[in-house]
Structures are given as C-alpha cells and as structure tokens.
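Structure first, commentary second.
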Amino acid sequence: MPGGSTNPISMTGFVEKVSGTLHKAKSHMHENAHDLAQVTKQKEEDKLNGPCVDVTIKVIFSSVGLPSARPLINSFRQFISASGIPKLDVVGASDPYFVAKIDDRVSMVSTVKTRSLTPEWNEIWRVKNIPTTSELRVEILDKDTDTPHDDYIGKFKTNIEAGEKELDIQGPLFRKDRGTFWLEIQTRPSTDPAEPKYLFDGPIRYSRHFSPLVGRLTNLDDARLYSTWKMYLVDVPVYFKDVYQHWNVKYKAAQSIFGSGPTSLAIRAGIHAGHKMLYARSTSNGFGVIQSAEDVMTLFEGGSLNPKGILGSDREDLSQEDQRKLDAAEEVDENAAPTEESPFAHRIKPAVYTYIISAQDDSLRFSETGAAFFVDFASKHALHANCAEQVRYSGEFHLRPRAKDHSSWCGWQDFNDSMPDNSVDWEVVIDNNSGTYAPDKAMLPTLRDLIDCNFPGLDVVALDREDEELTKSVDACRDYALKYRGVKAEHLQPHQQEGQRSMLKPLGAAIGKVAHLQRGHAEQS
1 MPGGSTNPIS MTGFVEKVSG TLHKAKSHMH ENAHDLAQVT KQKEEDKLNG
51 PCVDVTIKVI FSSVGLPSAR PLINSFRQFI SASGIPKLDV VGASDPYFVA
101 KIDDRVSMVS TVKTRSLTPE WNEIWRVKNI PTTSELRVEI LDKDTDTPHD
151 DYIGKFKTNI EAGEKELDIQ GPLFRKDRGT FWLEIQTRPS TDPAEPKYLF
201 DGPIRYSRHF SPLVGRLTNL DDARLYSTWK MYLVDVPVYF KDVYQHWNVK
251 YKAAQSIFGS GPTSLAIRAG IHAGHKMLYA RSTSNGFGVI QSAEDVMTLF
301 EGGSLNPKGI LGSDREDLSQ EDQRKLDAAE EVDENAAPTE ESPFAHRIKP
351 AVYTYIISAQ DDSLRFSETG AAFFVDFASK HALHANCAEQ VRYSGEFHLR
401 PRAKDHSSWC GWQDFNDSMP DNSVDWEVVI DNNSGTYAPD KAMLPTLRDL
451 IDCNFPGLDV VALDREDEEL TKSVDACRDY ALKYRGVKAE HLQPHQQEGQ
501 RSMLKPLGAA IGKVAHLQRG HAEQS
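According to full-length UniProt numbering, the residues represented by the sequence shown are 1 to 525, in order.
Rendered as structure tokens:
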C-alpha cells in the first residue's frame with residue numbers, strides 16, 4: 001500500500017533481494033578474480049626476477065638402473081632411459097618418445113625409439129636462465145603410424161634440483177603404473193642473467209622427414225626431393241631479439257593465403273594439411289645432432305635413393321583405391337633388388353634450399369627449392385611456416401666451394417669433381433629471397449651471425465635478394481648440378497609433369513585453387 005513497507009515475502013521483494021545478492025556476488029567474484037590475477041602476475045614476475053640457473057637434462061633409460069657416470073658439459077638435463085613401458089600396440093612393441101617442458105615456456109621432443117619397452121635415449125637438453133623454482137613436466141607417448149594420433153603412455157613431473165632421478169610414470173586413471181623413467185639434472189648459476197629467460201642452449205638437434213608416398217605421387221626416386229629438414233637453432237632470441245618478419249601485405253599470393261575470406265580459409269586448410277604431411281613425426285624419420293663441421297656437411301650430401309619407410313599419417317587422406325595401389329607398390333619394392341646408390345651420395349650436392357626460421361619454436365625448416373610438392377602451393381615459405389603470420393626470417397640458401405686460401409677462386413664455376421670435398425672450404429650463402437614474408441635486408445648481418453653460430457666450421461655470406469653476386473652464385477650452383485651431377489632441369493624448380501597427380505588431390509578444390517594462384521602469381525622465393 002502507498003507509503004507502507006515492502007512485503008518481505010512478496011515476489012517483488014524476493015526478486016530484489018536475489019538481484020542484490022547476485023550483484024554483490026558478481027562484484028566479489030570480479031574483485032577476487034582481479035586480485036587472483038594480480039597475485040598470479042606478481043608471483044610470475046617474482047619468479048622471473050628471482051635467482052636463475054643454467055640447466056642440462058640427461059635422459060638415458062635402462063631396465064636395470066642408471067648407467068655409469070658420463071662427462072657432462074656445463075649444467076644440463078640428460079634424459080637417460082625408461083623401463084616397464086607398456087605394450088599398447090596389438091602387434092609388436094611400443095615406439096616410445098617423450099615431450100619435455102619447463103614451465104610451459106620451452107620444450108623439446110625426443111627421437112622415436114622403435115619396438116622397445118626399455119628405450120635408451122641418451123639425449124641432452126640444455127636451457128639457460130631457468131628460475132630455480134621451475135618445474136619439469138614430461139609426457140611419454142607411443143608413436144602410432146596407423147592412426148592420426150599417438151597413444152598416451154603416461155607422464156611425470158619433477159623440480160629442477162640437481163641430481164639423478166628415478167621417477168614413476170603415471171598413466172591414466174586405473175592404469176597408474178606405466179614404468180620408470182631415469183634422468184639426470186645438473187645446474188649452475190646463470191652466467192648472464194640479462195639474457196632471455198628459458199633460452200635454449202643446445203645441443204643443435206635436427207630431424208629429416210621423408211615421405212615415400214610423396215615420392216610416388218610426384219614420380220620421383222630422389223629422396224631429397226621429397227624430404228624436409230627441421231633444425232633447432234640456439235640463441236635465436238639473443239640475435240633477433242623482438243624482431244619478426246610479418247607476411248607481405250603487398251604481395252598478392254600472400255594476400256590470397258592470409259586474407260579473411262572463405263577462399264583464403266580453404267587455401268590455409270590445404271597448406272596446413274601439406275605441412276602436417278611433410279613434417280609428420282615417424283619411426284622412419286632420421287635424427288641427429290650437430291657437433292662439428294662434418295655433421296653439417298653430411299646434411300648436404302647427395303644421399304642415397306629410395307629410403308625405406310612410410311609415414312602412416314600420409315595415408316589419412318587417401319582413398320581406399322589409392323591405399324591399395326600404394327600397398328601393392330610397396331610389396332613390389334620389398335621383393336625388388338636394393339636400389340643402387342647414387343655415385344655422388346657422399347658428395348656435397350649443388351642445390352638451392354628454401355628455408356624459414358620459425359617464430360614459434362626457433363627451428364630452421366628447409367627443403368630443396370626444386371622439391372616437387374611445392375607445385376601445389378602458392379608459397380613455399382608459407383608451407384614450411386605452416387601459414388604462420390610471421391617468422392623470424394626466410395629466404396633461400398646454398399653451399400658453394402672456395403679455395404683454401406680464400407683468394408684464388410670461389411664458387412661452383414671454378415670447382416670440379418676431381419677435387420675432394422674436404423680439399424676445399426665451404427661457404428653457406430644465405431639470402432632474404434621470400435616474396436611471402438619479404439624479410440628486411442637490414443637484418444642480413446644478424447642472420448649471418450646467427451647461422452655462423454649454429455653451423456660450426458662454415459663461413460657464412462648473407463646477400464640481399466637483388467644482389468648481383470647472389471644471382472651469379474645461384475646460377476653457377478644450378479649449372480654445375482645440370483652439367484656434372486645428372487640433375488634434371490625440371491628438378492631445379494617445382495613443376496607438374498604430364499600425368500602426375502597432385503600430392504594433396506584428396507583435399508579437392510582448395511588445393512586446385514592454390515595451384516592456380518601459384519601459376520598465376522609465381523613466387524620469387
């Protein structure tokens with residue numbers, strides 16, 4: 001009634017009280033969330049500003065215990081070994097590998113150990129400027145070449161206190177016991193706290209990915225023409241700091257890839273699928289560590305033809321008929337005589353490589369520029385970068401010989417095969433020849449210093465894409481390949497041969513659109 005008090009049990013009063021309570025609760029929640037965010041942020045800042053150490057982790061794995069002590073370099077983590085790994089595959093043993101992360105800020109992926117329940121890795125991982133309160137988390141997986149996803153074995157976590165550690169692998173619920181993991185951690189106070197936190201410090205690991213399926217689809221028997229390489233570089237943030245190269249908004253082919261319309265979305269889907277196929281982890285991948293100039297040179301040798309192995313993930317987009325044909329071809333291969341090795345298998349190959357340095361994981365990813373799988377794509381560099389909108393740098397590179405005195409001659413035009421490769425010095429000539437990302441040429445000296453740091457024993461020359469010396473050097477490299485190494489002209493640049501099917505034909509119209517753009521707006525990189 002007018003002028004009277006509100007009925008405490010009326011619906012209006014009830015709604016008002018509930019609304020008021022909810023408003024207060026929301027206010028408190030907002031304040032608490034804000035306070036929690038502030039506390040979390042402060043803790044993170046305190047952690048990063050606190051004492052830091054350089055860490056090395058060693059992993060080995062043994063079913064009988066830790067191996068005898070090994071000499072260590074600085075502080076490190078060595079992933080040693082594991083035992084008691086469960087058998088997840090119906091046929092055969094597991095193919096385990098692990099993914100290690102420190103505070104979700106830096107990570108490494110191990111090699112795949114085939115058919116083993118007691119894998120021995122003997123892998124080392126060095127990281128600098130790690131807060132002393134950091135946590136190491138490791139997941140162990142079983143590589144499965146017959147499914148899109150790998151089987152989960154288990155995980156564990158530990159602090160980064162120095163010492164040898166024997167850790168139980170914790171599996172999913174009701175499957176707790178998944179084996180034992182051995183590792184060793186060594187630490188030392190950081191020598192340069194001003195360097196970036198969580199800085200990868202080696203060793204420089206690489207993986208070579210090759211897909212015989214891609215070779216079959218592109219009618220190639222040279223494994224290098226359907227191979228990709230990934231190398232994890234050290235000190236990338238030290239050299240490049242906060243400098244990145246954004247995709248080139250003035251380049252029409254790049255606009256077609258990174259645009260916002262449905263066509264661009266379809267193009268990106270095709271490139272993502274191609275990247276997944278070309279960089280898929282498999283038991284047939286090659287792995288190694290760069291420790292010397294000889295290790296670097298081995299990467300660029302001609303190599304043998306037709307390596308064995310097939311990536312199961314390659315089969316995902318194939319029709320049943322294509323799978324049947326591939327199975328039949330593999331059966332013929334298994335019964336055939338071994339392929340004769342190339343006479344230049346252990347000589348440096350005169351070849352030009354397309355590369356990017358990833359903004360996501362500081363890896364150098366590259367392949368021969370003439371790789372046939374490029375024909376399906378508007379951008380070689382976007383394919384290597386998995387359509388990342390920015391990279392650290394990109395372009396092309398090649399190796400060239402020069403006289404030991406560094407003055408009498410330099411380049412493939414003055415070389416001949418009577419000269420052993422170790423009788424001359426070798427240079428890495430690297431450039432910024434990428435239309436997709438158009439890297440700033442002012443960063444070429446920085447690029448040179450970074451590659452020099454990671455390719456021990458090789459001189460590095462960094463040239464702008466418009467430099468006349470670069471054009472002459474590339475032409476001399478390709479001319480030598482044609483005249484003296486039996487390289488076919490069609491292998492110098494990607495093209496589609498008559499009767500050859502697209503590598504990613506199952507993806508349909510999206511890839512066709514990419515191929516059309518590639519022909520219409522041929523990239524200069």
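Cβ atoms here follow ideal geometry from the backbone N, Cα and C, with glycine treated the same way.
Which word fits residue i, buried or exposed, when buried means at least 16 other C-beta atoms lie within 10 angstroms of its C-beta?
i           : result
L399        : buried
D479        : exposed
I124        : buried
V289        : exposed
W409        : exposed
E427        : buried
F455        : buried
T191        : exposed
residue 573 : Only positions 1 to 525 of the chain appear in the structure, and residue 573 is not among them; the question remains open.
V249        : exposed
A489        : exposed
H381        : buried
A378        : buried
G4          : Bear in mind that the predicted position of G4 carries a pLDDT of just 49, short of 50, making it unreliable; the figure below should be weighed with that in mind. Exposed.
K472        : exposed
S260        : exposed
A345        : exposed
G486        : exposed
M419        : exposed
H491        : buried
T111        : buried
K241        : exposed
T180        : buried
S256        : buried
E468        : exposed
R105        : exposed
N432        : buried
T145        : buried
L265        : exposed
A442        : exposed
T187        : buried
Within this structure, are the beta carbons of residue i and residue j separated by less than 8 Å?
i           : j    : result
P96         : I185 : no
S107        : K101 : yes
A273        : H209 : no
F200        : Y244 : no
H275        : L450 : no
S94         : S116 : yes
V138        : K155 : yes
S227        : S367 : yes
G370        : A253 : no
L470        : Y393 : no
S363        : G286 : no
V352        : V236 : no
V55         : I204 : no
G50         : T132 : yes
R268        : E301 : no
P439        : A462 : no
residue 528 : L183 : This structure does not reach residue 528, given that the chain is present from 1 up to 525, and the question cannot be answered.
P189        : V53  : yes
P193        : V238 : no
For residue i, list the residues DSSP reports as bridge partners.
i           : result
residue 554 : The chain is shown from 1 up to 525; residue 554 falls before or after that span and cannot be answered.
H209        : T228
K155        : E139 and Q170
D54         : R188
I430        : F397 and A462
A100        : M108 and V138
L183        : V59 and K165
F287        : S207
P131        : C52
E195        : Answer by DSSP bridge pairing: none, since E195 is not bridged.
How many whole angstroms separate the CB atoms of residue i and residue j, which I take to be in contact at a CB cut-off of 8 Å?
i           : j    : result
H406        : D425 : 7 Å
E396        : Y355 : 7 Å
residue 527 : A359 : Residue 527 falls outside the range modelled here, since the chain spans only 1 to 525, and no answer is possible.
L299        : W229 : 7 Å
C477        : V234 : At roughly 28 Å, the Cβ-Cβ gap does not stay under 8 Å, so C477 and V234 are not in contact.
G457        : S292 : 7 Å
I169        : I130 : Not quite, the Cβ-Cβ distance comes to about 23 Å (not below 8 Å), so this is no contact.
Which runs of the alpha helix (DSSP H) fall wholly inside the stretch 349-418 and span at least 4 residues, in chain order?
-> 380-385
Output the residue ranges of the alpha helix (DSSP H) runs that lie fully inside the stretch 231-303 and measure 4 residues or longer, sorted by chain position.
-> Segments of the alpha helix (DSSP H) lying fully in the stretch 231-303: 236-240, 252-258, 262-278 and 293-299.
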